[in-house]
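Structure first, commentary second.
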Amino acid sequence: MELIVALGLIVFKVAFLIAILLLLPLPLTWLERKIAGHIQQRMGPMRVGWHGLLQPMADGIKLLTKEDHIPAEADRFLFKLAPILALAPPFVVFVAIPFGESISVLGAEITLYVSNMNVALLFVFAVIGIEVYGVIFGGWASNSKYAVLGSLRTCAQMISYEIPMGFAVIGVVMLAQSMSLLDIVRAQADVWNIVYQPVGFFVFFVAGLAEAQRIPFDLSEAEGDLGAGFHTEYSGIRFAFFMVSEYAIVLLVSVLVVILFFGGWNSVLVPLPPLLWFVLKVAFFIYVFIWFRFTFPRYRYDQLMAIGWKVLLPLSMANIIITGVLLGA
Amino acid sequence: MSRAQDRAGTWIGWVFFADLANGLALTFGYMFSKPVTMQYPDKEKWLPYARYRGHHFLKRDDEGEIKCVACELCARICPCDCIEVVPYEDEKGNRHPAKFEIDTARCLFCGLCEDACPADAIALGQQYEFSSFSSADLVIGRDDLLAKPGKAATGGGVVAARLNTKKDVLVETEETQGYNWWRNIRRT
Ligand code: SF4
Ligand code: SF4
């Protein structure tokens, strides 16, 4: 009986997570377009629903009903596989992410995470690394020059930025003496990691921007020079998969930044419910992502590589060494 | 400040991302400035100036007779070849157009017909809302042209309006003073 309840709970949590992740792009696209509009002194979507609130619905319906076109020369199997490969990992990652300690519903304690892995951080990085296959296969299978170029760039970009990103969190792991995200947040109950690890945060955030392929590092889908990059040939629902995946990664990076460096659900100044604090912090970082997008121009490809290998990598390594020395002293 | 100090300052600025922070502050400021969008046709509508070249109209003289003498000069000068005039002679022996058709689908609104007309009979007026689903509807005949609105007396105002999907843009209030296009542009 207890087993069934536990299983049911897990199934419920997973379903809830999937629903949130699938629905989140709707408000996020609206927000993104609104913020873009106002930064450029426009109004953004205004005509569908109140202040364009229903615009994402209209877009969603449009994407669902559009022709699902596969280019004649494309590798059909990989072409169909790629969007799924891009979409699944960001969803899987959220299994390991805690959203809080626990809440009590009807007298029962319900934990706000699907599983508390003791290597959660490693799991996150391992799984999110698979996402890049979706992008690479997508570009390769399309058999289009723009798409292949986008994929090549993604390849190089992902390899160069995954390394500093991984190094950047080692400082955090050293401080918390654990790779479990839950323990990392608990270790920040008094002082957030951003105080001890400003360099780590900087490296992680910049690498996160690159990981999410957002401006200023969105070279793989640079509209100006590559059409739409790796998803040039995609349309309809498959394109929507890439879109959802992108927003899921934006959410993931924001969540990771909050958990690793900004004390997770630990409150500051005002004692709000922990979950609310968590959501507020994540929302702030999502906003920062969008804000960056409409402030900065795109980096050139060689600049991107130079930043990755010549700035972020040494910085993250120095960060590890200094953290180690200070911890040992 | 010496040159070396200046350069050091620049470097320190770069290390702390002063330039990026400046950019972010600027866009953040813009985010809370008023949009310059004119919401036509949902909310507002622009009134054209007197010099605006919109839809053509034909004029009548003081007796209410059509001014056009069907000389076909406008048809000649028209670079798009979109005016067709067929003359007739009335009882008093005056020439008038029996048929006067403008194909506004081809017209480029250059206003040459207005300049060429010796009888000051044709001009380009203030109407700019005459889109249509069929290009046949855009061929306008003599009687319709006589009924079209003339030149705007004032202009540049923006009036409250809303879209009536069946007919037209409905003007709700009148406001004639000029519109300052730069009113909401932020300057820093
Ligand atoms: S405005 Fe120009 S193009 Fe149009 S009818 Fe007159 S002369 Fe022809
Ligand atoms: S409108 Fe003027 S130019 Fe054209 S036919 Fe009539 S009188 Fe001649």
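Top line first, the protein sequences correspond to chains A and B.
In this text, residue positions in the first sequence follow the working numbering: the first is 195, and each later residue adds one.
In this text, residue positions in the second sequence follow the working numbering: the first is 537, and each later residue adds one.
Quick reminder that beta carbons are idealized off the backbone N, C-alpha and C, glycines included.
Hey, residue i and residue j: beta-carbon distance below 8 Å or not?
| i | j | result |
| --- | --- | --- |
| residue 502 of chain A | residue 345 of chain A | no |
| residue 656 of chain B | residue 603 of chain B | yes |
| residue 456 of chain A | residue 475 of chain A | yes |
| residue 253 of chain A | residue 430 of chain A | no |
| residue 589 of chain B | residue 645 of chain B | yes |
| residue 208 of chain A | residue 308 of chain A | yes |
| residue 373 of chain A | residue 315 of chain A | yes |
| residue 524 of chain A | residue 258 of chain A | Nothing can be reported for residue 524 of chain A, as the shown portion of chain A is limited to 195 through 523. |
| residue 647 of chain B | residue 684 of chain B | no |
| residue 489 of chain A | residue 365 of chain A | no |
| residue 697 of chain B | residue 705 of chain B | yes |
| residue 413 of chain A | residue 327 of chain A | no |
| residue 416 of chain A | residue 423 of chain A | yes |
| residue 659 of chain B | residue 586 of chain B | no |
| residue 343 of chain A | residue 420 of chain A | yes |
| residue 361 of chain A | residue 511 of chain A | yes |
| residue 236 of chain A | residue 573 of chain B | yes |
| residue 306 of chain A | residue 293 of chain A | yes |
| residue 607 of chain B | residue 649 of chain B | no |
Can you name the start and end residues of the alpha helix (DSSP H) that residue i belongs to?
| i | result |
| --- | --- |
| residue 224 of chain A | 219-233 |
| residue 501 of chain A | No alpha helix (DSSP H) holds residue 501 of chain A; DSSP gives it neither H nor E. |
| residue 644 of chain B | Counting along the chain, residue 644 of chain B falls outside any alpha helix (DSSP H), and DSSP gives it neither H nor E. |
| residue 548 of chain B | 539-551 |
| residue 283 of chain A | 270-287 |
| residue 568 of chain B | Element bounds for residue 568 of chain B: n/a, residue is neither H nor E. |
| residue 466 of chain A | No alpha helix (DSSP H) holds residue 466 of chain A; DSSP gives it neither H nor E. |
| residue 344 of chain A | 339-370 |
What does DSSP give as the partner residues of residue i in its beta bridges?
| i | result |
| --- | --- |
| residue 516 of chain A | Answer is none; residue 516 of chain A lacks a bridge partner. |
| residue 699 of chain B | B/705 |
| residue 619 of chain B | B/638 |
| residue 596 of chain B | B/602 |
| residue 591 of chain B | Beta-bridge pairing links residue 591 of chain B to no other residue. |
| residue 660 of chain B | B/592 |
| residue 676 of chain B | B/638 |
| residue 408 of chain A | According to DSSP, which records beta bridges pairwise, residue 408 of chain A is partnered with nothing at all. |
| residue 694 of chain B | B/582 |
| residue 624 of chain B | B/632 |
Exposed or buried, which one is residue i when buried takes at least 16 other CB atoms within 10 Å?
| i | result |
| --- | --- |
| residue 625 of chain B | exposed |
| residue 432 of chain A | buried |
| residue 249 of chain A | buried |
| residue 570 of chain A | Outside the shown range of chain A, which is 195 to 523, sits residue 570 of chain A, and nothing can be said about it. |
| residue 385 of chain A | exposed |
| residue 296 of chain A | exposed |
| residue 409 of chain A | buried |
| residue 483 of chain A | buried |
| residue 617 of chain B | exposed |
| residue 491 of chain A | exposed |
| residue 204 of chain A | exposed |
| residue 231 of chain A | buried |
| residue 443 of chain A | buried |
| residue 630 of chain B | exposed |
| residue 338 of chain A | buried |
Going by C-alpha to C-alpha distance, which of the options sits closest to residue i?
| i | options | result |
| --- | --- | --- |
| residue 686 of chain B | B/591, B/607, B/542, B/672 | B/591 |
| residue 291 of chain A | A/299, A/318, A/486 | A/318 |
| residue 678 of chain B | B/584, B/669, B/639 | B/639 |
| residue 224 of chain A | A/518, A/481, A/374 | A/481 |
| residue 310 of chain A | A/287, A/514, A/279 | A/287 |
| residue 779 of chain B | B/671, B/581, B/593, B/548 | Absent from the structure is residue 779 of chain B, since the part of chain B shown begins at 537 and ends at 724. |
| residue 508 of chain A | A/398, A/197, A/244, A/233 | A/398 |
| residue 280 of chain A | A/323, A/300, A/380 | A/323 |
| residue 341 of chain A | A/268, A/237, A/241, A/504 | A/268 |
| residue 325 of chain A | A/440, A/201, A/265 | A/440 |
| residue 272 of chain A | A/427, A/504, A/500 | A/427 |
| residue 277 of chain A | A/198, A/521, A/448, A/336 | A/336 |
| residue 451 of chain A | A/393, A/348, A/255 | A/393 |
| residue 477 of chain A | A/404, A/211, A/449 | A/449 |
| residue 472 of chain A | A/212, A/460, A/464 | A/460 |
| residue 219 of chain A | A/463, A/522, A/436, A/377 | A/436 |
| residue 622 of chain B | B/615, B/692, B/613, B/605 | B/605 |
| residue 566 of chain B | A/227, A/228, A/233 | A/233 |
| residue 462 of chain A | A/265, A/246, A/383, A/266 | A/383 |
| residue 405 of chain A | A/468, A/378, A/329, A/466 | A/329 |
| residue 596 of chain B | B/615, B/579, B/632, B/619 | B/632 |
| residue 241 of chain A | B/578, B/584, B/583 | B/578 |
Give the range of the beta strand (DSSP E) segment to which residue i is assigned.
| i | result |
| --- | --- |
| residue 580 of chain B | 580-582 |
| residue 297 of chain A | 296-299 |
| residue 305 of chain A | 302-305 |
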